[in-house]
Structures are given as C-alpha cells and as structure tokens.
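For reference, the structure discussed in these notes is given below.
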Amino acid sequence: MELEALQQKLMTALDIQAPKIILTTLPHGVRGMQAVEDIEAGELVFSYPWKRALIVPAEKKRSPFPDFIPHDIWRKSFSGQWPFYGAAAILYESHLGAASGFQAFLELLPDGVDIPRHWSPEELAAMQYTETVAAVAQSQATTAEAWEAFKEASAATKNFTYDEFIWACDMMHTRAFGMPVLEGTSHPVVRWPLGGVAMAALGIISAVAMLRSGGNYFILIFGVSAPALVYFLWAPIVEFITEGGDPTSYMGMVPLVDCLNHDGLVSSSSLDMHYPGQPGTFSLDNPFDDRIRLRANRRIQKGEEVLLSYGNKGNAELLLGYGFVQPGNPHDTVRIGDMTHLAQDAAARGLLRPHWPPGSLQTEALEEFGAAQMGTQGIDPDDLLELQQLLARKMTKQREGPFPSGLSFNDVVAQASWKIFQHACSTTFDRMPSTPEQDEKLLKEQRDLLLCNQAGLTLQERGTMLSSDARRLGSPATLSFLDMS
C-alpha cells in the first residue's frame, strides 16, 4: 500500500487531524512529512488524542497486559527499563492482531533501522569513538538480558523471535519520546467538574442565606457573585494548591509524529509540541479535549519538509540513538574522557612533560580516583596505591622507582591522565556551586594544567587533533569542559 494511503487509513482509524502534511519519500530516499499547503506560524499542524498513542507509563510497577507479561516479571525486568517496556507494548499489539487498535500503525512502521548496535565490530572500530562503541556494547548486553526475560514471560511471548524483539526495541528506541501529561486534580478534565460542583454548592448556600437574611444587601451581593468568583478563580486556586500539578511521565510513540525527521538547528525547527494540560493545549470552550498538538513556530512553505527537534543532542547521541549525524550541529561536543588516544599519541611523540605540583587538581584527584576507574584504563586495581605514590613522587621530582606491571611513567600518563583531569574538574565543580562565569574563570586559572598544554602542544596542533577526532563523527567539534561523565 502506498504511503499516502497508509496515512489516510491511520488517520481515520486513530482520529488524527493533519490536513496540511503528508507522509512521503523525500528526494534523498528517507521517509518524512511534507507540507502540501502553506502553513502559517502558530497554525495547528497536527492533533491526536493522547490516550490513543502507543504509550506505557515510564515507572509503572504493574504490567498493563498481565496475561502477556505477568506483574512480577514486569517489575523485575521491564518497569523503568527503556526501551524494553515499550518494545513489549509493540509486541503485545502485534500479538492481538486484528483486535489491536494499532494495526494500521504497525503496518506503517519500517522493517528495520540502521543504528550502530547492528554494525559489525569492524564498522564500530572504524568509527574510532570509544564512548559510542562502549555504549553499543552496553546496549547489546542489556537487550540480551531483556530478551531472556521476555521470551519466558508467557506462552504468548514464546511465539516471538529474537529478531522480532530487537525490531520492536529499535522502533521504540528510534521513534518514541517522553510525554509529560498533567493528570489528577490539576488537570482541566477534573478541575472543571469539581468547579461546577463548588459553584452549585455556593449558589445553594447563598440562596438559603438570602432567604434567611431578610433582605441583607451584603448577603444578596455575595450570593450573586459567589458562583461567578468560583468560575474565574477555581483554576488558579487548584493550580496553587497542587503547585501546578506533577505531570505523569509517559514514553511512547505517536503515529505520524514518529515520522517527523530531526532538526537541531533552532532557526529552522518548524514545530512546537504541546501536551494535554499545558498552555496552548487546553481551551475553556472544550475542557474535555485531551489531544497532543503540534503548532508551527514559523511559516512553512508548500513542499517544504516539516521537521521537529528531538532535543539538544550531540552527534554521538544522534548516531547511537537514531543512526545519523547532523552537519553543523550546534549541540555537538567532544568529551575529554573519550580522548585518551590523543594522550597516547602525544606520549608516543615524547611530548608528555607533566609538572603537577602538590595540592594541584591532579594530585587531589589521584586521592579520589577509584580502583574501578583505573580498571577501565587497563591498570590493575591492586596497583592503585603504588601508582598514586609513584605519580606523586614524579610530580615532586623525586626518585621515580620501578613502575607497576612494567609500565613506564609515560605509559600510565597516556592511559590515565585524561580521566584524572576529567575527574578532578567534575569533583571540583560538584563541591563548588557556581555560575557559568565563575566556572569559566576557574578553567582559565587552571588552563596550564590541561594535558595538551603540558604536552607542549601549540593551539594549532591541539585544534588539529580535536578537529580530526570530531570529523570521525561527521561534524565540527565544540570542546565542552563541563560535559563530563
């Protein structure tokens, strides 16, 4: 079935309103949404009843489909475990077949996605970006654990294959998003019926008081004005009592919205999303209208692709989660902790000449540098104390002595110095609540402690190294000192 026909079938089945956008295959071969008419700034582009989205409360402790996945297995392996609880919801709808209200939506989903966790070891190694490779390995391990729990959950789950489970995880991982929705006493659907009851009660009390007052004008004025006051003040009163209400966090997919491609450039992002209970969503004319809405934040011309920002994500996060990078991404960063290989290159060239004085950030960090972190650098945790002592002696130009595990001083610095500096900065900032201006001042004061400076690299050499590292991700880099794990 053609994409346009699938879209119409889906819109009819799920009460979707999107009269000016169409799902199509774009010139570069990717599916996306395109404007079929001019759309003015502020105009409603899309609306959808949010309770008919394919969603699961993020921290729900009871299974929404206990016959499919029992409560105990849900609590242990799925509650709060993104994206596995969402994948379970997709496969549950698939299990229902024609009885599912999302059959048209499932038909529209692609057969697969090209994201790093499906790449070969050779392809991952060619990326030369350690953080993403490590995240892929972690994702593969946790997915395998979730699969073991899923396939043994019930007789129905045994009918699905591992590939189908991975497909469902991929769909939820690449197409779902968080939806903070106001519920409870703070939500308009509850607020206005309660307000009506309060108005009626005050009206009755006022009428009785007027009859008994013998024509007291004050009581008369109060009786007439009380219901009107409740009408105008009920919403802000409840808002104050509930402190605005805590939104319930849902994760899930909204049909057709999941087909909108990403644009992280603020200047060209074309849509703003509004959820039920948020400003711009609820209307006094129809307080029971609970729909997710997308409005244009600028004029969109006919034939233009309609885009939505997935958030302020760097290229590493976009690549890991969605399988693409955005050239010129304004939110891109390079983490210092991921650049150990740069220190190794500098060590191989004999450029490492550290001069860390006692009491500096580095020596303080060494005292707090845990054995687990050293282990991630390939250093035996049992040698941690000796390593600290040897590094301290080297910093104070004392006798070096033999190094643990046969490592030279430069070997250890090449493996650990970036992690040590990263840890020093993060622990320092954690202890010292400060403004961005104060952080920048601190960084400038400690600039001579940066490994690149200690290595004797010029600014041009350092910029070249950073740029070459960033090009592996496909975009220019912004070195972020505060974006540290």
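With the UniProt record's numbering, the residue at position 275 of the sequence shown is 275, and numbering never jumps.
Beta carbons: idealized from backbone N, C-alpha and C, even for Gly.
None of these values were measured; they are calculated from a predicted model.
- Bridge pairing for residue 297: absent [DSSP].
- By the 16-neighbour rule on beta-carbons within 10 angstroms, residue 208 is exposed.
- Beta-bridge annotation (DSSP): residue 55 is paired with 252.
- Taking 7 Å as the cut-off, the beta carbon of residue 41 is found closer than this to the beta carbon of residue 299.
- Residue range 315-322 is occupied by the alpha helix (DSSP H) that includes residue 321.
- Here the alpha carbon of residue 111 sits roughly 14 Å from the alpha carbon of residue 173.
- In the three-state DSSP reduction, residue 44 falls in the strand class (E or B).
- In the structure shown, residue 34 falls within a strand segment according to DSSP collapsed to helix, strand and coil.
- The straight-line gap separating the alpha-carbon atoms of residue 260 and residue 178 is approximately 15 Å.
- With contact defined as three or more Cβ pairs closer than 8 Å, the stretch 304-320 and the stretch 82-92 are not in contact.
- The beta carbon of residue 154 sits closer than 8 Å to the beta carbons of 67, 68, 69, 70 from its chain, once the five residues preceding and following it are set aside; these are given in chain order.
- Per DSSP, the unbroken alpha helix (DSSP H) holding residue 93 starts and ends at 84-96.
- Excluding five sequence positions before and after residue 62, the CB atoms of its chain that fall closer than 6 Å to its own CB belong to 71, given in chain order.
- A residue is called buried once 16 or more other Cβ atoms fall within 10 Å of its Cβ, and residue 168 is buried on that count.
- Under the three-state reduction of DSSP, residue 136 is assigned to helix.
- The distance from the Cβ of residue 253 to that of residue 176 is about 5 Å, consistent with a contact at the 8 Å cut-off.
- Judged by their CB atoms, residue 258 and residue 307 are not nearer to each other than the 7 Å cut-off.
- In this structure, 35 is the residue among 35, 331, 79 with its C-alpha nearest to the C-alpha of residue 302.
- By the neighbour-count criterion, in which a residue is buried when 16 or more other Cβ atoms sit within 10 angstroms of its Cβ, residue 329 is buried.
- For residue 65, the secondary structure class from DSSP, reduced to helix, strand or coil, is coil.
- Annotated three-state conformation of residue 330 is coil, per DSSP.
- Apart from the 5 residues on each side of it in sequence, residue 65 sits with its Cβ closer than 7 Å to the Cβ of 92 in its chain, given in chain order.
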